[in-house]
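Visitor: Please read through the structure below; I'll follow up with questions.
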Amino acid sequence: MKKITGETIIGKILLMIALSSIGALFLITVFIFAEGLPVIFKTGFAAFITGMKWKPTREIFGILPMIAGSFAIMAGAMIVSVPFALCCSIYLAEFAGDLMRRVVKPAIELLAGIPSVVYGFIGVTVLVPFIKNYIGGNGFSVLGCSLVLGVMVLPTITSISYDALRAVPVSYREGALALGATRWQAVKMAVVPAASSGIIAAVILGMGRAIGETMAVIMIAGNSLIVPLSPLDPVRTLTSNIALEMGYASGSHRQALFATGVVLFIIIMALNVLASRIINRAVK
Amino acid sequence: MSGATCDEGNIILKISNLDYYYGSFRALKSVCMDIVKNTIVALIGPSGCGKSTLLKTFDRMSDLVAGSRVEGEILYKGRNIFDPATDITLLRKQIGMVFQHPNPFALSLADNIKFGPRVHGERNAEKLDWLVESSLRAVGLWDHLKDRLDKKATELQADEQQRLCIARLIAVEPEVLLMDEPCSTLDPIATLNIEELMRELKKKYTIVTVTHNMQQAARVSDYSGFMLMGELIEYSKTSSIFSNPRDKRTDDYISGHYG
Numbered sequence: 000m001k002k003i004t005g006e007t008i009i010g011k012i013l014l015m016i017a018l019s020s021i022g023a024l025f026l027i028t029v030f031i032f033a034e035g036l037p038v039i040f041k042t043g044f045a046a047f048i049t050g051m052k053w054k055p056t057r058e059i060f061g062i063l064p065m066i067a068g069s070f071a072i073m074a075g076a077m078i079v080s081v082p083f084a085l086c087c088s089i090y091l092a093e094f095a096g097d098l099m100r101r102v103v104k105p106a107i108e109l110l111a112g113i114p115s116v117v118y119g120f121i122g123v124t125v126l127v128p129f130i131k132n133y134i135g136g137n138g139f140s141v142l143g144c145s146l147v148l149g150v151m152v153l154p155t156i157t158s159i160s161y162d163a164l165r166a167v168p169v170s171y172r173e174g175a176l177a178l179g180a181t182r183w184q185a186v187k188m189a190v191v192p193a194a195s196s197g198i199i200a201a202v203i204l205g206m207g208r209a210i211g212e213t214m215a216v217i218m219i220a221g222n223s224l225i226v227p228l229s230p231l232d233p234v235r236t237l238t239s240n241i242a243l244e245m246g247y248a249s250g251s252h253r254q255a256l257f258a259t260g261v262v263l264f265i266i267i268m269a270l271n272v273l274a275s276r277i278i279n280r281a282v283k
Numbered sequence: 000m001s002g003a004t005c006d007e008g009n010i011i012l013k014i015s016n017l018d019y020y021y022g023s024f025r026a027l028k029s030v031c032m033d034i035v036k037n038t039i040v041a042l043i044g045p046s047g048c049g050k051s052t053l054l055k056t057f058d059r060m061s062d063l064v065a066g067s068r069v070e071g072e073i074l075y076k077g078r079n080i081f082d083p084a085t086d087i088t089l090l091r092k093q094i095g096m097v098f099q100h101p102n103p104f105a106l107s108l109a110d111n112i113k114f115g116p117r118v119h120g121e122r123n124a125e126k127l128d129w130l131v132e133s134s135l136r137a138v139g140l141w142d143h144l145k146d147r148l149d150k151k152a153t154e155l156q157a158d159e160q161q162r163l164c165i166a167r168l169i170a171v172e173p174e175v176l177l178m179d180e181p182c183s184t185l186d187p188i189a190t191l192n193i194e195e196l197m198r199e200l201k202k203k204y205t206i207v208t209v210t211h212n213m214q215q216a217a218r219v220s221d222y223s224g225f226m227l228m229g230e231l232i233e234y235s236k237t238s239s240i241f242s243n244p245r246d247k248r249t250d251d252y253i254s255g256h257y258g
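Quick mapping for you: the protein sequence lines, in order, are chains U and S. Taking numbering that gives the first Met the number 0, the leading residue of the first sequence gets 0, the next gets one more, and so forth. Taking numbering that gives the first Met the number 0, the leading residue of the second sequence gets 0, the next gets one more, and so forth.
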């Protein structure tokens, strides 16, 4: 008989706690799908995700404008964020001295700690009036949202790309320098290509964060139910749709919001799976 | 500690009174040696004797060590490489280095070879392709790999990787190849293959290699230098250093008393 010791008991307890997080994921998934699927089946999945009209009172549920809205601000956020994040991570990983790294890296990571409502507040009080007065539209827009989200996802993309760059062996840099490459050539031609899968994964995870963000988006995006055709158009995203209407929804309306959640869930899952695939392939 | 006497005109690297410091530690002590064109020079000695450090000063990869400092001079074809006016990228094109652990880039075979020429401004696609072929031929990889040029270099076997790293150097048309224990991670057969390659390459290039393996030094090199605690104890023709060492410490080392 196997002896029961303190070690094995602690091991079992830790295992159960670890499994409970999987349990939570499982329950959430089941709940969202159980609540959301009936409406999707009733409307038809294709009609649900391609429908242009969202009229809960008349039980017309089409979420294309919100899907378009979510992707529009995600794309905008990436345009803002990716160049900055890449430059930051390359600078920190390859060029910054110890002192600079010790100051800049935590500062960027601190951006992730600012509550999103604060970003939203700054967006509403500063960015929205600025866009309205100097660029056009009423200020609540894809543009404003993209700028704010771009800053919000900066730490995610920067720190994952940074880790990917630091994981490239020193021998690559030496090999390049010994061929007469300058430091920038060594980084550009040898180090960045070697880190490319990690960098792509970082961008994908950043996309997931951008699409999942709610509070700041509600405050800045304007929340109109239209497919945005210009960066100055107001939009509503999948996340803000749920947050805005959940308070008063009931019956099939409430289920339709869960169905929105199902779509969001699938998009974010797909992005995460894609990112971890890319990372795993890079490890091999 | 005088160098082997030879025809001055054939000296490609002339090292005089070279001292190298890591912080306050003197890692090289007044090293003097002349390296003759189209020969293979082996640096031998126990771990930590400074042989790799010496090798790294030849293409100034030693500059990368924080807090290091150099005194004395190395004349490459008559010009001091430590002169502030030296173009370091050009120097490293002329004096290339092969590392202990094969370090191909995570790029395709062809892009590995093209790396150096591209760094030095070569953009002509035909010239680049020609360089891929000729460099791979020079290291004996062409016939074997010509159909797999877009394969990732990091997927090759260790000795193929090391050959590729040599090919990558050859593509920038250097004059001197520095090899820092190029066979230490290879099996005996692969080691013999690389040695064979070195003999072939010395027709066109001058090779300085660091090795732990005295048989290898004896097999492959024309001149050998024995180093101990940062000093070049003895430097002469390999045949004479192994059969008739002048210094007792050399004798002790090559007969296996320490190291």
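All residues carry an ideal CB built from backbone N, CA and C; glycine is no exception. Predicted model only: the values in this text are computed from it and were never measured.
Quick one: what does DSSP say residue 250 of chain U is sitting in, helix, strand or coil?
Guide: Residue 250 of chain U: helix per DSSP, three-state reduction.
Visitor: Residue 12 of chain S CB to nearest chain U CB: under 8 angstroms?
Guide: No, its Cβ sits nowhere closer than 8 angstroms to a Cβ of chain U.
Visitor: Under 9 angstroms, CB to CB, which of the residues in the segment 17-28 of chain S have a partner in chain A?
Guide: In the structure shown, chain A does not exist; the protein chains are U and S.
Visitor: Going along chain S, which residues have a C-beta under 8 angstroms from residue 171 of chain U?
Guide: Per Cβ cutoff of 8 angstroms: 102, 104 and 105.
Visitor: Who are the Cβ neighbours of residue 104 of chain U in its own chain at under 8 angstroms, not counting the five residues just before and after it?
Guide: Around residue 104 of chain U: 91, 158 and 161.
Visitor: DSSP on residue 182 of chain S, reduced to helix/strand/coil?
Guide: Correct three-state label for residue 182 of chain S: coil.
Visitor: Quick one: what's got a C-beta closer than 7 angstroms to residue 39 of chain S's C-beta in the same chain, skipping five residues either side?
Guide: Same-chain partners within the cutoff: 197, 201, 206, 208, 219, 220 and 221.
Visitor: Check distances from the C-beta atoms of the segment 154-188 of chain S to those of chain U and list, in chain order, the residues that come in under 8 angstroms.
Guide: Correct list: 164, 167, 168 and 171.
Visitor: So if I threshold CB-CB distances at 8 angstroms, which residues from the segment 112-126 of chain S count as touching chain U?
Guide: Listed in sequence order: 114, 115, 117, 118 and 119.
Visitor: Interface residues of chain S around residue 177 of chain U at Cβ under 7 angstroms?
Guide: Those within 7 angstroms of residue 177 of chain U in chain S are 58, 60, 91, 95 and 96.
Visitor: If you draw a straight line from the alpha carbon of residue 18 of chain S to that of residue 232 of chain S, how long is it in whole angstroms?
Guide: So the alpha carbons of these two residues sit roughly 14 angstroms apart.
Visitor: Buried or exposed, going by whether 16 or more other CB atoms sit within 10 Å of the CB of residue 144 of chain U?
Guide: It is buried - the Cβ of residue 144 of chain U has at least 16 other Cβ atoms within 10 Å.
Visitor: Under 8 angstroms between beta-carbons, which chain U residues line up against residue 88 of chain S? List them in chain order, please.
Guide: Result: 179, 180 and 181.
Visitor: Less than 8 angstroms between the beta carbons of residue 132 of chain S and residue 141 of chain S, yes or no?
Guide: Closer than 8 angstroms, so yes.
Visitor: Report the residues of the segment 96-110 of chain U with a CB closer than 8 angstroms to any CB of chain S, ordered along the chain.
Guide: Cβ contacts with chain S: none found.
Visitor: Let me know the secondary structure DSSP gives residue 140 of chain S once reduced to three states.
Guide: DSSP places residue 140 of chain S in coil when its eight states are reduced to three.
Visitor: Could you check the C-alpha separation between residue 233 of chain U and residue 194 of chain U for me, to the nearest Å?
Guide: Rounded to the nearest angstrom, the two C-alpha atoms are 37 angstroms apart.
Visitor: If we require 4 or more residues per run, which alpha helix (DSSP H) segments fall completely within the segment 38-98 of chain S?
Guide: If we require 4 residues or more, the alpha helix (DSSP H) runs fully inside the segment 38-98 of chain S come out as 50-57 and 87-93.
Visitor: Please identify the residue among U:197, U:163, U:23 and U:140 whose C-alpha is closest to the C-alpha of residue 225 of chain U.
Guide: Cα-wise, what sits closest to residue 225 of chain U is U:140.
Visitor: Looking only at its chain, what residues have a beta carbon closer than 7 angstroms to the beta carbon of residue 34 of chain U, apart from the 5 residues adjacent to it on each side?
Guide: Hits under 7 angstroms: 254 and 257.
Visitor: By DSSP, does residue 25 of chain S sit in helix, in strand, or in coil?
Guide: DSSP places residue 25 of chain S in strand when its eight states are reduced to three.
Visitor: So is residue 174 of chain U in contact with chain S if we call contact Cβ pairs under 8 angstroms?
Guide: Yes, contact with chain S.
Visitor: If you reduce the DSSP assignment to three classes, tell me which class residue 14 of chain U lands in.
Guide: DSSP places residue 14 of chain U in helix when its eight states are reduced to three.
Visitor: Does residue 37 of chain U have its Cβ less than 8 angstroms from a Cβ in chain S?
Guide: False, the Cβ-Cβ gap to chain S never drops below 8 angstroms.
Visitor: Can you find a C-beta in chain S that's less than 8 angstroms from the C-beta of residue 163 of chain U?
Guide: No, no contact with chain S.
Visitor: What residue from S:71, S:210 and S:24 has the CA that sits closest to residue 64 of chain S's CA?
Guide: Closest option to residue 64 of chain S, Cα to Cα, is S:24.
Visitor: May I ask you to report which of helix, strand or coil DSSP gives residue 42 of chain U?
Guide: Residue state, collapsed to three classes: helix.
Visitor: Is it true that the CB of residue 107 of chain S sits closer than 8 angstroms to the CB of residue 152 of chain S?
Guide: Closer than 8 angstroms, so yes.
Visitor: Go through its chain and collect everything with a Cβ distance to residue 80 of chain S's Cβ below 7 angstroms, but skip five positions before and after it.
Guide: If we look at residue 80 of chain S and ignore the five residues flanking it on each side, its Cβ neighbours are 59, 73 and 90.
Visitor: Applying a beta-carbon distance threshold of less than 8 angstroms, which residues of chain S neighbour residue 200 of chain U?
Guide: Simply none; closest approach about 15 angstroms.
Visitor: So for residue 205 of chain S, helix, strand or coil by DSSP?
Guide: It is a strand residue.
Visitor: Check whether the Cβ of residue 42 of chain S lies closer than 8 angstroms to any Cβ atom in chain U.
Guide: Judged by the 8 angstroms Cβ criterion, residue 42 of chain S is not in contact with chain U.
Visitor: Once you ignore the five residues that flank residue 149 of chain S on each side, which residues in its own chain have a CB closer than 8 angstroms to its CB?
Guide: Same-chain partners within the cutoff: 107, 108 and 109.
Visitor: Between the Cα of residue 98 of chain S and the Cα atoms of S:168, S:112, S:146 and S:144, which residue gives the shortest distance?
Guide: Minimum Cα distance to residue 98 of chain S is reached at S:168.
Visitor: Please report the Cβ distance between residue 57 of chain S and residue 94 of chain S, rounded to the nearest whole angstrom; I am assuming they are in contact, meaning their Cβ atoms lie under 8 angstroms.
Guide: Rounded, the Cβ-Cβ distance is 6 angstroms, consistent with contact.
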